[in-house]
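Before any comments, here is the structure.
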Amino acid sequence: DTGVSQDPRHKITKRGQNVTFRCDPISEHNRLYWYRQTLGQGPEFLTYFQNEAQLEKSRLLSDRFSAERPKGSFSTLEIQRTEQGDSAMYLCASSLSTVNTEAFFGQGTRLTVV
Amino acid sequence: SQELEQSPQSLIVQEGKNLTINCTSSKTLYGLYWYKQKYGEGLIFLMMLQKGGEEKSHEKITAKLDEKKQQSSLHITASQPSHAGIYLCGAVHNDYKLSFGAGTTVTVRA
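Just so you know, the sequences run in chain order A and B. Numbering follows this note's numbering, with no gaps: position 4 of the first sequence is 4. Basically this note's numbering = 1-based index in the second sequence + 1000.
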């Protein structure tokens, strides 16, 4: 399967714990996005990378969230000291960096903070 | 995104009937994307529109982008149970960042 893959698919964690999610984009895609989606809402932009450079980070993203893409390939999203409000689906997408090219999404990681 | 408004929020349609979903942007669109999502899964790309007046079709789904490039509609002809899901419009404005509307939940009743 050469699509975008995310791991894990599901994560249940206790409040206050740290969690890390991984995204493997389509290999030739140099742009990578992270989104968060809650029930009944569209995906909410969190951050994106052009190769290994993090070009934009949403103001909605607190300091507890950090993302990396160290070699311009896979990316990780870490949430420290999780809160119940962090419960959501976290989606990763990748695309080429040409103008108006479609982004391909992974299946997402569903986080439940108890 | 408050920049993209989708309507209706949800709709129920009898199998075989047509349906239309609208997406309105508060800014000029550089690209308009339609995606479909099954509950709890990722987004599946449907089609992308760039030019004012552009219209694209795939099987029974047609999408149009108006001349002023601030509104798009998605039309499904003779809906089937496989058309059920959440339809999301996404837009690129002037910063290459893809933003989404809140989605329209489509239920198809047999």
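Here a beta-carbon is modelled for each residue, glycine too, at the ideal position from N, C-alpha and C.
Can you look up residue i in the DSSP assignment and give me helix, strand or coil?
i, result
"His1093 (chain B)", "coil"
"Gly173 (chain A)", "Past the edges of chain A, shown from 1 to 114, lies residue 173 (chain A), and the structure says nothing about it."
"Ser1079 (chain B)", "coil"
"Phe1100 (chain B)", "strand"
"Gln1071 (chain B)", "strand"
"Gln107 (chain A)", "coil"
"Ile1086 (chain B)", "strand"
"Leu61 (chain A)", "coil"
"Gln1009 (chain B)", "coil"
"His10 (chain A)", "strand"
"Asp24 (chain A)", "strand"
"Val99 (chain A)", "coil"
"Lys1060 (chain B)", "coil"
Taking CB distances under 8 Å as the criterion, tell me whether residue i reaches chain A.
i, result
"Glu1041 (chain B)", "yes"
"Val1092 (chain B)", "yes"
"Lys1097 (chain B)", "yes"
"Ala1102 (chain B)", "yes"
"Gln1014 (chain B)", "no"
"Gly1085 (chain B)", "no"
"Leu1029 (chain B)", "no"
"Leu1074 (chain B)", "no"
"Leu1088 (chain B)", "yes"
Between residue i and chain B, is the shortest Cβ-Cβ distance under 8 Å, so that the two count as touching?
i, result
"Glu83 (chain A)", "no"
"Pro43 (chain A)", "yes"
"Val110 (chain A)", "The sequence given here places Arg at residue 110 (chain A); Val does not occur at that position. So, interface residue."
Taking C-alpha atoms, which residue in the options lies nearest to residue i?
i, options, result
"Cys1023 (chain B)", "B:Tyr1087, B:Thr1107, B:Val1108 and B:Ile1044", "B:Tyr1087"
"Gln1006 (chain B)", "B:His1083, B:Ser1026 and B:Gln1014", "B:Ser1026"
"Tyr1035 (chain B)", "B:Arg1109, B:Thr1028, B:Lys1097 and B:Thr1104", "B:Thr1104"
"Leu55 (chain A)", "A:Gly40, A:Leu39, A:Trp34 and A:Pro43", "A:Trp34"
"Phe49 (chain A)", "A:Pro70, A:Thr38 and A:Glu83", "A:Pro70"
"Ile1061 (chain B)", "B:Val1092, B:Lys1069, B:Leu1046 and B:Gly1040", "B:Leu1046"
"Arg9 (chain A)", "A:Gln17, A:Asn51, A:Arg22 and A:Asn18", "A:Arg22"
"Glu1003 (chain B)", "B:Ile1021, B:Gln1071 and B:Leu1049", "B:Gln1071"
"Phe45 (chain A)", "A:Arg36, A:Ser5 and A:Gly106", "A:Arg36"
"Ala88 (chain A)", "A:Thr13, A:Asn30, A:Thr76 and A:Lys57", "A:Thr13"
"Ser1082 (chain B)", "B:Val1092, B:Ser1073, B:Glu1059 and B:Lys1068", "B:Glu1059"
Is residue i near the ligand GDP, going by C-beta to nearest heavy atom under 7 Å?
i, result
"Gly1052 (chain B)", "This structure does not include the ligand GDP; it has no bound ligands of any sort."
### Message
Closer than 9 Å between beta carbons: that is the criterion. Which residues of the region 90-108 of chain A meet it against chain B?
### Response
Contact residues of the region 90-108 of chain A toward chain B are Leu91, Cys92, Ala93, Ser95, Ser97, Val99, Asn100, Thr101, Glu102, Ala103, Phe104, Phe105, Gly106, Gln107 and Gly108 (C-beta to C-beta distance below 9 Å).
### Task
Compile a chain-ordered list of the residues in the region 44-62 of chain A whose CB is closer than 7 Å to at least one CB of chain B.
Listed in sequence order: Phe45, Tyr48 and Glu56.
### Task
Could you name each continuous beta strand (DSSP E) segment of 3 residues or more that falls completely within the region 1014-1053 of chain B, going from the start of the chain to the end?
Considered as a whole, the region 1014-1053 of chain B harbours 1019-1025, 1031-1037 and 1043-1049 as its complete beta strand (DSSP E) runs of no fewer than 3 residues, in chain order.
### Task
May I ask you to list, following chain order, the residues of the region 1047-1062 of chain B that have a beta carbon less than 7 Å from some beta carbon of chain A?
Across the region 1047-1062 of chain B, CB contacts with chain A closer than 7 Å involve Met1048 and Gln1050, in sequence order along the chain.
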